[in-house]
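Q: I'd like to ask some things about the structure below.
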Amino acid sequence: MGTAVRELRGASDFKRSQPLEQRDSWFACSDPSGVGPRLYFQRVPEGKAAKNRLHLDVRVGTGLVGEERLAALEAECARLVPLGAVHVRTLYDGNDACIPMLDIEGNEFCID
Numbered sequence: 001m002g003t004a005v006r007e008l009r010g011a012s013d014f015k016r017s018q019p020l021e022q023r024d025s026w027f028a029c030s031d032p033s034g035v036g037p038r039l040y041f042q043r044v045p046e047g048k049a050a051k052n053r054l055h056l057d058v059r060v061g062t063g064l065v066g067e068e069r070l071a072a073l074e075a076e077c078a079r080l081v082p083l084g085a086v087h088v089r090t091l092y093d094g095n096d097a098c099i100p101m102l103d104i105e106g107n108e109f110c111i112d
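Residues 1 to 112, numbered by UniProt numbering, are exactly what the sequence shown covers, in order.
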């Protein structure tokens with residue numbers, strides 16, 4: 001049995017273990033060591049205004065809050081803009097921050 005089949009069965013088993021009202025609402029795939037990237041899939045009720053139906057969050061501020069978090073996100077934004085990304089806006093409430101952006105093909109992603 002291939003790895004993909006084992007992973008798919010794992011996802012199915014995970015979904016069955018969730019309460020009925022949460023099934024098909026989200027799913028995360030993580031590196032067990034905590035070093036690699038995490039993919040988080042979440043269904044949302046609203047329609048999509050941007051081009052893509054897959055929204056990626058690029059985690060750069062994990063564990064940071066307030067001004068320190070905002071500074072880390074803004075630094076990553078400043079690094080990506082010269083590479084072709086477009087800064088859409090900065091969301092900041094004094095504690096948490098997120099920067100929605102567009103890639104060179106117009107696909108939305110967030111620096112988070």
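From the three backbone atoms N, C-alpha and C, an ideal C-beta is built for every residue, glycine too.
Near Leu56, which residues of its chain fall below 6 Å by C-beta distance, leaving aside the five closest residues on each side in sequence?
A: Phe109
Q: In the DSSP output, which residue or residues are listed as bridge partners for Pro100?
A: Cys110
Q: Please list the terminal residues of the continuous beta strand (DSSP E) segment that includes Ala28.
A: Counting along the chain, the beta strand (DSSP E) containing Ala28 begins and ends at 26-30.
Q: Based on Cα-Cα distance, which residue from Thr90, Thr62, Gly47 lies nearest to Gly34?
A: Thr62
Q: Among Ala71, Leu39, Leu64, which one has its Cα closest to the Cα of Val58?
A: Comparing Cα-Cα distances from Val58 to each of Ala71, Leu39, Leu64, the minimum goes to Leu39.
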